[in-house]
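Q: Residue numbers (the working numbering): 327 to 784.
Glycine included, every Cβ here is placed at the ideal spot set by N, Cα and C.
Treat the numbers as computed from the prediction; the structure is a model and nothing was measured.
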Amino acid sequence: MVSVRSSVVVLGGGPGGYEAALVAARMGAQVTVIDRDGLGGACVLTDCVPSKALVSTAAFMGGLSSGATLGVLGAERASVDLAAVNRRILALAATQSADIHRRLLADGVRLLAGVGTLLAPGRVRATCADGHTEDLDADVVLVATGATPRTMPTAEPDGERILTWKQIYALDALPGKLIVVGSGVTGAELAHAYIGLGASVTLVSSRERVLPGEDADAATVIEDVFRRDGMEVLGRSRMASVERHGSGVRVTLVDGRTVDGSHALLAVGSVPQTGGLGLEEAGIELTASGHIEVDAVSRTSVRGVYAAGDCTGVLPLASVAAMQGRIAMWHALGDAVSPLKLSRVSATIFTMPEIATVGITQKQIDDGLTEASYDMLPLATNARAKMDSFHDGFVKVFSRKGSGTVAGGVVVAPRASELIYPLALAVENHLNVDQVASTFTIYPSMTGSIAEAARRLH
Ligand SMILES: Cc1cc2nc3c(=O)[nH]c(=O)nc-3n(C[C@H](O)[C@H](O)[C@H](O)COP(=O)(O)OP(=O)(O)OC[C@H]3O[C@@H](n4cnc5c(N)ncnc54)[C@H](O)[C@@H]3O)c2cc1C
């Protein structure tokens with residue numbers, strides 16, 4: 327433990343880094359953040375914030391498409407000006423980054439634009455964008471350098487037709503036919519967003535169904551919605567290469583089939599940005615995938631060096647990065663701290679409808695890893711869903727056998743990202759199903775179905 331007047335140096339200004347810096351500054355530490363690409367990190371500038379803003383426009387368009395059902399004429403004829411959509415997104419991201427910049431400065435954090443490297447466990451070099459170099463001594467170092475899209479030699483992005491998710495906001499017109507390679511969270515979200523915006527989309531998925539890591543019932547609903555919305559979903563189709571072909575692109579699958587389109591979007595995972603930072607030289611242990619090994623209070627294998635966010639590979643979410651960063655500072659600077667508990671993390675996939683989850687999973691139950699009961703309630707019978715002309719989706723609640731404590735849940739619904747909060751509160755605070763069921767909900771509301779599922783678990 328070190329005194330709160332310590333100096334803290336943070337490498338990376340994404341959610342892992344900037345949230346940690348705010349905590350450390352508030353605790354009285356002298357804090358310097360070195361960031362290469364802009365405050366807010368990839369989260370704000372290229373990943374989470376832009377993609378969610380794109381989804382917002384797509385969801386708005388999706389709402390219009392059910393206009394006729396609600397008695398609104400002509401709404402489905404609306405179309406998208408992608409250049410305007412992308413201008414708004416980039417401006418929104420820049421504003422968010424500037425807000426974070428101002429907030430850090432207001433809290434007394436020193437900011438250096440440039441690249442940080444570790445010279446030794448308590449010594450960091452900043453090679454700044456303005457050409458000067460600075461060596462800083464630190465009682466505590468936090469590495470929060472994030473991750474970057476995985477690319478392959480047979481599928482090199484060119485920024486024009488073969489794109490990573492960071493490059494799509496330069497498009498000034500909807501792709502004639504977009505091939506999205508990868509059906510994990512990023513691939514699924516962006517494929518559905520472009521369908522919502524009016525593009526023709528083929529999703530190339532190496533697995534049997536989309537979103538292989540997610541709740542199987544939820545993934546099935548979403549895959550059905552994808553197909554109904556006109557997406558071509560190629561299951562069990564592993565990409566071998568992506569190349570320019572004529573005026574468009576050609577995706578070749580490992581079984582020899584080819585798929586032609588105007589553009590390809592590669593969403594085949596991320597790699598941690600941990601190379602060339604001096605980590606291994608300083609004795610910091612990395613995993614085989616290059617992620618930094620950390621414990622539940624964000625300590626690395628070297629005293630005084632902490633790590634947070636996507637560079638650790640613990641769970642690639644902005645909310646988790648931010649919490650890991652805060653925990654690191656609370657621990658390093660001697661405040662009360664609870665270790666990170668992944669079983670309490672709620673997460674959302676921003677398809678339309680959204681999939682939100684918290685706590686234990688159906689797979690853990692099915693694999694016999696945990697004992698729990700569950701109830702699944704389709705939302706089609708919910709009065710509010712009928713009023714909104716919403717037919718897909720469900721609420722699933724997991725409860726511990728015996729105690730009836732809520733252990734997790736899944737919500738597939740519009741704004742499931744908001745609806746998961748009552749279940750997250752229940753999981754965090756060990757509420758039982760009767761306590762959830764006896765809490766008043768609004769009539770009519772989607773949350774009524776959460777209470778109803780809990781009631782059925784009595
Ligand atoms: C398309 C997409 C959508 C997503 N949507 C969501 C979502 O809806 N919700 C959610 O919770 N999560 C989402 N995520 C995940 C989320 O973006 C990441 O978990 C989050 O950005 C991780 O934060 P971080 O601080 O670890 O890294 P980052 O946000 O990547 O920031 C790292 C920073 O470190 C800087 N850096 C790197 N190396 C150095 C160096 N040597 N010196 C100085 N600076 C350096 C980089 O320039 C960058 O600014 C999404 C991810 C993707 C790809």
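Who are the Cβ neighbours of aspartate 714 in its own chain at under 8 Å, not counting the five residues just before and after it?
A: For the purposes of this step, residue 714 is taken as residue 388 along the sequence shown, with counting starting at 1. So the list reads Pro740, once near-sequence residues are dropped.
Q: Do glycine 574 and proline 341 have their CB atoms nearer than 8 Å?
A: Indexing the sequence shown from 1 puts residue 574 at position 248. Indexing the sequence shown from 1 puts residue 341 at position 15. Not a contact, by the Cβ cut-off of 8 Å.
Q: Compare the C-alpha of glutamate 611 against each of Gln356, Leu348, Pro447 and Val671 and name the closest.
A: If you number the sequence shown from 1, residue 611 lands on position 285. With distances taken between Cα atoms, glutamate 611 lies closest to Pro447.
Q: Are there any heavy atoms of ligand 1 lying less than 7 Å away from the beta-carbon of threonine 786, as far as the coordinates show?
A: This structure gives no information on residue 786, because the portion of the chain shown stretches from 327 to 784.
Q: When DSSP builds the beta bridges, which residues end up paired with valine 585?
A: Taking the first residue of the sequence shown as position 1, residue 585 is located at position 259. Paired residues: Val577.
Q: Glutamate 778 and leucine 705: beta carbons closer than 8 Å?
A: Taking the sequence shown and counting its residues from 1, one reaches residue 778 at position 452. Taking the sequence shown and counting its residues from 1, one reaches residue 705 at position 379. No, these two residues do not count as a Cβ contact at 8 Å.
Q: Leaving out five residues before and five after valine 580 in sequence, what residues of the same chain have Cβ atoms less than 7 Å from its Cβ?
A: As a position in the sequence shown, residue 580 is number 254, starting the count at 1. Excluding sequence neighbours, valine 580 sits near Arg564 and Ala566.
Q: Report the residue ranges of all beta strand (DSSP E) runs contained in full by the stretch 613-663; include only those spanning at least 3 residues, in chain order.
A: 631-633
Q: Should phenylalanine 766 be counted as a contact of ligand 1 given a C-beta to heavy atom distance under 7 Å?
A: The count along the sequence shown starts at 1 and reaches residue 766 at position 440. Distance from the C-beta of phenylalanine 766 to the nearest heavy atom of ligand 1 is not below 7 Å.
Q: With DSSP run on the structure shown, which of helix, strand or coil describes aspartate 543?
A: As a first step, residue 543 is located in the sequence shown; it is residue number 217 there, counting from the start. Helix, per DSSP.
Q: Looking at the strands, I want to know which residues DSSP matches up with threonine 443.
A: Translated into the one-based positions of the sequence shown, residue 443 becomes position 117. In the DSSP output, where bridge partners are listed per residue, threonine 443 has Arg451.
Q: What did DSSP end up calling glycine 730 once you bin it into helix, strand or coil?
A: Taking the first residue of the sequence shown as position 1, residue 730 is located at position 404. Residue state, collapsed to three classes: coil.
Q: Pair every Cβ in the stretch 652-667 with every Cβ in the stretch 494-504, then say whether three or more of these pairs are closer than 8 Å.
A: no
Q: The alpha helix (DSSP H) with alanine 742 in it runs from where to where?
A: In the sequence shown, counting from the first residue as 1, residue 742 sits at position 416. DSSP places alanine 742 in the uninterrupted alpha helix (DSSP H) bounded by 742-745.
Q: Evaluate tyrosine 769 with the Cβ neighbour count: other Cβ atoms within 10 Å of its Cβ, from every protein chain shown; 16 or more gives buried, anything less gives exposed.
A: Looking up residue 769 in the sequence shown gives position 443. Its Cβ having fewer than 16 others within 10 Å, tyrosine 769 is exposed.
Q: What three-state label does DSSP hand methionine 557 in the structure shown?
A: In the sequence shown, the residue the question calls residue 557 occupies position 231. Residue state, collapsed to three classes: coil.
Q: Per DSSP, what kind of secondary structure is aspartate 463 in: helix, strand or coil?
A: The count along the sequence shown starts at 1 and reaches residue 463 at position 137. Correct three-state label for aspartate 463: strand.
Q: Identify, in the order they occur along the chain, each residue of the same chain with its Cβ nearer than 6 Å to the Cβ of glycine 508, setting aside the five sequence neighbours on each side.
A: Position 182 of the sequence shown holds residue 508. Exclusion of the five residues before and after glycine 508 leaves Ala593 and Val594 as the residues of its chain whose Cβ lies within less than 6 Å of its Cβ.
Q: To the nearest angstrom, how far is the alpha carbon of leucine 504 from that of leucine 430?
A: Within the sequence shown, the letter at position 178 stands for residue 504. Within the sequence shown, the letter at position 104 stands for residue 430. Answer to the nearest angstrom: the Cα atoms are 39 Å apart.
Q: Determine the contact status of alanine 470 and leucine 337, defining contact as a CB-CB distance below 8 Å.
A: Translated into the one-based positions of the sequence shown, residue 470 becomes position 144. Translated into the one-based positions of the sequence shown, residue 337 becomes position 11. A contact, by the Cβ cut-off of 8 Å.
Q: To which residues of the same chain is threonine 453 closer than 6 Å at the C-beta, ignoring the five residues directly before and after it?
A: Residue numbering aside, residue 453 sits at position 127 when the sequence shown is read from its first letter. The beta carbon of threonine 453 is closer than 6 Å to those of Gly440, Val441 and Thr459 in its chain, skipping five residues each way along the sequence.
Q: According to DSSP, leucine 592 sits in a beta bridge with which residue or residues?
A: Here the question's residue 592 lines up with position 266 in the sequence shown. Leucine 592 is bridged to Thr490 and Val507.
Q: Is phenylalanine 676 buried or exposed, if buried means 16 or more other CB atoms sit within 10 Å of its CB?
A: In the sequence shown, the residue the question calls residue 676 occupies position 350. The residue in question, phenylalanine 676, is buried, as its Cβ has 16 or more Cβ neighbours within 10 Å.
Q: Between the Cα of alanine 401 and those of Gly389, Leu668 and Val411, spot the shortest distance and give me the residue it belongs to.
A: For the purposes of this step, residue 401 is taken as residue 75 along the sequence shown, with counting starting at 1. If we check each option's Cα against that of alanine 401, Gly389 comes out closest.
Q: Jot down the residue ranges of each uninterrupted alpha helix (DSSP H) in the stretch 384-434, minimum 4 residues, whole runs only, in chain order.
A: If we require 4 residues or more, the alpha helix (DSSP H) runs fully inside the stretch 384-434 come out as 408-432.
Q: If you follow the alpha helix (DSSP H) that methionine 713 is in, where does it begin and where does it stop?
A: Indexing the sequence shown from 1 puts residue 713 at position 387. Segment 709-713, the alpha helix (DSSP H) holding methionine 713.
Q: Which value, in whole angstroms, describes the spacing of the CA atoms of leucine 437 and tyrosine 495?
A: As a first step, residue 437 is located in the sequence shown; it is residue number 111 there, counting from the start. As a first step, residue 495 is located in the sequence shown; it is residue number 169 there, counting from the start. Going by the C-alpha atoms only, they are around 27 Å apart.
Q: Are there 16 or more other CB atoms within 10 angstroms of the CB of histidine 717, so buried, or fewer, so exposed?
A: As a position in the sequence shown, residue 717 is number 391, starting the count at 1. Flag for histidine 717 reads exposed.
Q: Closest by CA to tyrosine 344, which one among Phe720, Lys689, Val732 and Gly651?
A: Along the sequence shown, read from residue 1 onward, the residue named residue 344 stands at position 18. Comparing Cα-Cα distances from tyrosine 344 to each of Phe720, Lys689, Val732 and Gly651, the minimum goes to Gly651.
Q: Round the Cβ separation of isoleucine 488 and alanine 590 to the nearest angstrom and send it over; I've been treating them as touching at under 8 Å.
A: Sequence index remark: in the sequence shown, residue 488 carries index 162 (1-based). Sequence index remark: in the sequence shown, residue 590 carries index 264 (1-based). Contact flag correct, Cβ pair sits at about 5 Å.
Q: Which same chain residues, not among the five before or five after valine 597, have their C-beta less than 7 Å away from its C-beta?
A: Reading the sequence shown from its first residue, position 271 is the one you call residue 597. Excluding sequence neighbours, valine 597 sits near Ala473, Thr474, Arg476 and Gly616.
Q: On the DSSP bridge list, what partners appear for asparagine 755?
A: Position 429 of the sequence shown, counted from the start, is the residue given in the question as residue 755. For asparagine 755, which the question treats as bridged, DSSP gives no partner whatsoever.
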